[in-house]
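A quick write-up on the structure given underneath.
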Amino acid sequence: CWHLPDSEPPMHGHIQSPQYPQPYPPNLQEQWDLSVPEGYHIRLTFTHLDIEASAGCHYDALTVLYDGKALGKFCGHENSADGNHPGNQPILSPGNTLTLLFQTDKSNPERHQNVGFSAEYQAIDIDECSAPETEDGPLCSQICLNTVGSYLCSCHHGFELRSDQRTCVLSCTGGIFEEPEGHLSSPGYPNPPPHAVTCQYIISVEFGFTLSLNFTDNFHIESLDTAEGLNCPYHWLKITIPNEKPMKLCGGKSPGLISTHSNTVTLDYHTDNDGQSSGWSLDYSTHRVKCPFPGKVAKGRVTPVLSEYLYRDHIFVRCDQGYKLMTNGKEIKSFSAVCQSSGQWHLPLPECHIIDCGKPKPLLNGGVTFLSGFQNQYLSVIQYHCNEPFYSLLGGMTAEFTCEADRNWRSNNNLVVSPTCIPVCGKPTKQISAYQR
Amino acid sequence: IIGGKEAPDDTIPWQVLLSVDGQRGGGMVIADRWILTAAHVLKHNGNITSSEAVRAYMGLTNVKALQLSPLNAASVHVHPEYNNPNGLNYDHDIGLVKLQEPVTFNSSIMPICLPGEGTTYTTGMMGLVSGFGLTEEGRRRILTNKLKYVQLPVVEQEACSNSVTLAKRTRDYVPNLTNNMFCAGVPEGGKDSCQGDSGGPFTVSDDGQFWAAGIVSWGVDCGQQGTYGVYTRVSNYVDWINKTMQEN
């Protein structure tokens, strides 16, 4: 034999009486000490129990003990009139140990050969938090969190867990809240905190968001008028918003909703050694920063049309047909702008300028005439002609072209190709005339 | 031109005077870079003349004025089947000259239309022949500097053939008449094309629009009784003309 290294007790196991399922021998005094890891109960379930029945289990018995105290003494079998059979109900130990003691007398009845017992046990997590309070007070002074096989104590905001891992001590400086929404309250709220509290809460969310503080109605900070006319001289809640004058609050009236228009707010709660304040509680929420309405673009469209434009919203500008996007004198293919955390659009709106198709291609042995429009702009109409009578349009093609949205001069037949002048053959301008017959 | 008249300005605007190796020939404008003429104008002694040797004049009716503005040839194209080493075979007598620069058409320079495919030439159909070739002044033949024209009817192919056969009786060497040729003229003579007119146009007017029916090719004498002028039948070569122009 050699020494096995220390290891965690098993989480489950099986025990049975000697020689089971053969009848147990007489004169037995057998003990089993069961244990599971700390933080767990033991649940013992009998799969079979057949011990000589007697009143009070006087002769043969299986006794289940915890910490020296008997949880049960069992004998008999399922259908026996005498004895004390545990039935199907499991036995739960108050702690992580359990002792079973099996005792038999000198003789066994001749008619019925009792086979003893067989049982399974397993570790069951203890909900330490729901255990009744002990003389030393509650398990955790503020918040108890049950974990598998154990528990944890925790404290409300403004308090810190002491080294005993059970009780809490006031400590409310350095609380930084970065979630987009949340709840905070003064230490011990709604109960008065200990005296001389100096707590600081910083709510800081991402740029582009503004904070709204919504104080609950139950607001109480001692308010005393002083001869010097100081406002909130001893107890106060100071709300500091960057670039604004700090706001000192006290009294019994909740300030209700405060829109800060800032992504950072600092709350300093102060009480002195005298007086009593129940404190305050608030829910905070965030809203995206608003950008100004983007305005309108002549000969264009701004989309999407929203009732308000908020941080990270995008807008797009598209020009009407026949117009092009221009910014800083340059044409751009597309335009989008995003509402920045500063509440400003990251780009100014572009303009829509009418497109032009450029100078129409000159026509060899012909020319081009403007019929309508201005400077080759969208929907201008031109007409090609050939130098008649020596040239004519090929195929009698339509000579009228319109400046279309695709910046091409297109004929009514949707052709882009400009016409061609073909020579007129065999038609002299002067005829040989001979009148003599 | 025998028996003709001087052409007023702008009445035959497709007329071209070709000077090839110093010899005078005719031609007609068919496109802004192309002149249609006779193969024999462009081929001498079995050799196709170089493009550098070709000068084209057009737009005026007086040679003296024409000389001021010759147009240079870019290339010369003779029908591939033209083979006339001895001056006795004028079959396929057709050729093209491509100009170096395109011409802009106006009242004095205008292309002549080409005939449609399968155009028929009816006997008696009047044509207009023009050129700067030999003419008559009294009984003498002279070379004129003025563009002249004469109107001639198309002669029945059999009558023409007979006149050629007749000519062969009195002359040793007379070319053969083929179906790529037709004759025009009057049996009594006195009206004809002549030397120097070769390559020039024989045009026919339909509803005021002239088309090139023939190219002045050859003949036995000029304007003699019982002889006719022989012209290349252009309608047989429309495909070749178009193909040559497209390929070049």
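If you read the protein sequences in the order shown, they are chains L and C. Per the working numbering, the first sequence starts with residue 63, numbered consecutively. Per the working numbering, the second sequence starts with residue 55, numbered consecutively. For every residue, glycine included, the Cβ atom is placed at its ideal position computed from N, Cα and C. This structure is a prediction, so every number in the text was calculated from the model and none was measured.
For C/R223, the secondary structure class from DSSP, reduced to helix, strand or coil, is helix. Following the DSSP letters along the chain, one finds C/K202 inside the beta strand (DSSP E) bounded by residues K202 to V209.
In the three-state scheme derived from DSSP, where H, G and I count as helix and E and B as strand, C/T298 is classed as helix.
L/V478 counts as exposed, since fewer than 16 other beta carbons sit within 10 angstroms of its beta carbon. Within the region 85-144 of chain L, the runs of beta strand (DSSP E) at least 3 residues long that lie entirely inside it are, in chain order, 91-97, 102-112, 123-128 and 131-136. Contact fails between the region 161-175 of chain C and the region 214-224 of chain C, because fewer than three Cβ pairs, one in each stretch, are under 8 Å apart.
At a cut-off of 8 Å between beta carbons, L/C465 makes no contact with chain C. Setting aside the 5 residues that flank it on each side, L/D336 is surrounded in the same chain by H257 and Y296, each with a C-beta closer than 8 Å to its C-beta; the list follows chain order. Of all residues in the region 64-76 of chain C, the ones placed with a Cβ closer than 8 Å to any Cβ belonging to chain L are D64, T65, I66, P67 and W68, in chain order. Nearest C-alpha to C/V130 among C/L114, C/P124 and C/R109: C/R109. Secondary structure note for L/L329: its beta strand (DSSP E) is the uninterrupted segment T326 to H332. Against chain C, the CB of L/Q493 has a partner CB under 8 Å away; the residue lies at that interface.
Residues of chain C whose Cβ lies closer than 8 Å to the Cβ of L/K489 are, in chain order, M164, G262, Q263 and F264. Within its own chain, the residues whose Cβ lies closer than 7 Å to the Cβ of L/S324, once the five positions on either side in sequence are excluded, are T272, L273, I303 and P304, listed in chain order. In the DSSP annotation of this structure, L/L387 is not part of any alpha helix (DSSP H); the continuous beta strand (DSSP E) holding it starts and ends at Y385 to T389.
Spanning the alpha carbons of L/D167 and L/N89 requires a straight line of approximately 5 Å.
Rounded to the nearest angstrom, the gap between the Cα atoms of C/S271 and C/D147 is 7 Å. Under the three-state reduction of DSSP, C/N216 is assigned to helix. Secondary structure note for C/L96: its alpha helix (DSSP H) is the uninterrupted segment A93 to L96. In the three-state reduction of the DSSP assignment, C/G283 falls in the strand class, which pools E and B.
Using a C-beta cut-off of 8 Å, the region 474-494 of chain L makes contact with the region 430-450 of chain L, since at least three inter-stretch Cβ pairs fall below that distance. Judged by DSSP secondary structure, L/I265 falls within the beta strand (DSSP E) whose first and last residues are T260 to S266. Under the DSSP definition of a beta bridge, L/L207 partners with L/L214. Interface flag for L/Y453 against chain C is set, since a Cβ pair is found closer than 8 Å. Rounded to whole angstroms, the separation of the alpha carbons of L/Q402 and L/Q262 is 30 Å. Annotation: C/F186 has no Cβ neighbours in chain L at a cutoff of 7 Å; minimum Cβ distance is about 16 Å. Going by beta carbons, L/C381 and L/C419 fall outside the 8 Å limit. For L/R105, the closest of L/F269, L/L160 and L/P424 by C-alpha to C-alpha distance is L/L160. For L/T229, no beta strand (DSSP E) segment is defined, and its DSSP state is neither H nor E.
Contact between L/S116 and L/D95 does not hold, since their C-beta atoms are separated by about 26 Å, which reaches or exceeds 8 Å. Counting only residues of its own chain and dropping the five nearest sequence neighbours on each side, L/S247 has a CB closer than 6 Å to the CB of S343. Straight-line measurement puts the Cα of L/Y251 at about 14 Å from the Cα of L/E284. Restricting attention to L/H76, L/A132, L/Q184 and L/N150, the CA atom closest to the CA of L/G101 is found in L/Q184. In this structure, the CA atom of C/T65 is about 22 Å from the CA atom of C/E190.
L/M73 is classed as exposed because its beta carbon has fewer than 16 other beta carbons within 10 Å across all chains shown. Looking from the CA of C/P134, the closest CA among C/G181, C/E155 and C/G100 belongs to C/G100.
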